[in-house]
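Accompanying notes for the structure given below.
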Amino acid sequence: MKHETPPVIAGAVIRQGGRTCLHRLTNTTPVLIHVCSGNKVVVIRDTPLLLTAGEFGLLPDHQPMTMENIPKAPQNYEARILPIPRPLFEETYARLAFITPPRTALPVKAFDLPDEAVALFDFCCSPESLAKLPTPVATVRLMELITWFALSGAVLGVQGNPLLQHRLRQMIEADPSRNWTLGHAARSFNMSEATLRRKLAAENTSFTETLSDTRMTRALALLQTTTLPIAHVAQEVGYDSPSQFSARFKERFGINPREVRGDLGIFERIGTEVEQIRRDAVSA
Numbered sequence: 353m354k355h356e357t358p359p360v361i362a363g364a365v366i367r368q369g370g371r372t373c374l375h376r377l378t379n380t381t382p383v384l385i386h387v388c389s390g391n392k393v394v395v396i397r398d399t400p401l402l403l404t405a406g407e408f409g410l411l412p413d414h415q416p417m418t419m420e421n422i423p424k425a426p427q428n429y430e431a432r433i434l435p436i437p438r439p440l441f442e443e444t445y446a447r448l449a450f451i452t453p454p455r456t457a458l459p460v461k462a463f464d465l466p467d468e469a470v471a472l473f474d475f476c477c478s479p480e481s482l483a484k485l486p487t488p489v490a491t492v493r494l495m496e497l498i499t500w501f502a503l504s505g506a507v508l509g510v511q512g513n514p515l516l517q518h519r520l521r522q523m524i525e526a527d528p529s530r531n532w533t534l535g536h537a538a539r540s541f542n543m544s545e546a547t548l549r550r551k552l553a554a555e556n557t558s559f560t561e562t563l564s565d566t567r568m569t570r571a572l573a574l575l576q577t578t579t580l581p582i583a584h585v586a587q588e589v590g591y592d593s594p595s596q597f598s599a600r601f602k603e604r605f606g607i608n609p610r611e612v613r614g615d616l617g618i619f620e621r622i623g624t625e626v627e628q629i630r631r632d633a634v635s636a
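Each step along the sequence shown adds one to the number in my numbering, with nothing skipped, and position 260 is 612.
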């Protein structure tokens, strides 16, 4: 029997050999995360969250974050991520009268997820698993997973009216290799170029800045979750010149694309630094 296409959910594995600290990262979709090895520090509005190996968390959408991925010898940093559209969180919470989403969107930890919830996370991380299900069943599975996280303390904060730059970022992220122009974007929003430029300026950004940042953020994700050659990653985000792409990437993140995948030689100095971050996170 034919059925509708289930929600497009793409779980991924982030692997990193070297320690990196990345600033002003913005998810366009809420993300469930499981740190498999190493440690992850996420900071939003000066509020830090430390996730150690084996722990689960929830990262909000449209909030600038500082993220630090810290390998722990002899393994790389590794985490599984599962982006889930915000409407599914909101629909789930609406059905659970005892859950009140916090007014401030911050990264949160899920405490003591039961084995059944962990198995469901594993299932949902596989796009093949969800694709085999009718749309209503796949949706229910995702909402069940959101419920397990909520029962474990990981509830997504309330989002106000989305900024125009967030809507623009989502549009670009759907096709980052396109030859985007201000005119394309303005027509998509049914406004003039001057109006779009003025509205973005009121949000302290510009079309060019948002386009570049969205592309670099997508490139970072591809470097962390795939083994694609850097030249291929450059093309995926709209750069024909790998050297130009690498220069722009380093300008944005402070490291070369090759450094994202890391050098195992830096592990020896990490242990004591992790403990310091743990103390800082607890005392903050």
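No residue lacks a Cβ here, since even glycine has one placed at the ideal position from N, Cα and C.
For serine 389, which residues does DSSP report across the bridge? Glu430
When we look at the beta-carbon of glutamine 596 and count the other beta-carbons within 10 Å, is it buried (16 or more) or exposed? exposed
Whose C-alpha, out of Leu465, Leu497 and Ala502, is nearest the C-alpha of alanine 449? Closest in alpha carbon position to alanine 449, among Leu465, Leu497 and Ala502, is Ala502.
Counting C-beta neighbours from all protein chains within 10 Å, is the total for glycine 363 16 or more, i.e. buried, or is it exposed? buried
In the structure shown, what three-state DSSP assignment does aspartate 615 receive? Here aspartate 615 scores only 48 on pLDDT, less than 50, and its place in the model is too uncertain to base an answer on.
Of the listed residues Val460, Leu410, Ser504 and Thr372, nearest to glutamate 468 (C-alpha basis): Sorting Val460, Leu410, Ser504 and Thr372 by C-alpha distance to the C-alpha of glutamate 468 places Ser504 at the top.
Have a look at the DSSP bridge pairing and note the partners of lysine 424. Gln427
When DSSP labels each residue in this structure, what does lysine 484 get in the three-state scheme? coil
Out of Val365, Gly370 and Ile366, which has the shortest C-alpha to C-alpha gap to arginine 610? Gly370
What does the alpha-carbon distance come out to for the pair methionine 568 and proline 459? 22 angstroms
Going by the CB atoms, is the gap between alanine 431 and valine 387 shorter than 8 angstroms? A contact, by the Cβ cut-off of 8 angstroms.
Let me know the secondary structure DSSP gives glycine 363 once reduced to three states. Residue state, collapsed to three classes: coil.
Considering only their Cβ atoms, is the gap separating leucine 563 from phenylalanine 605 smaller than 8 angstroms? no
Exposed unless 16 or more other CB atoms sit within 10 angstroms - verdict on arginine 367: buried
Runs of beta strand (DSSP E) wholly within the region 446-501 (minimum 3 residues, chain order): 460-462
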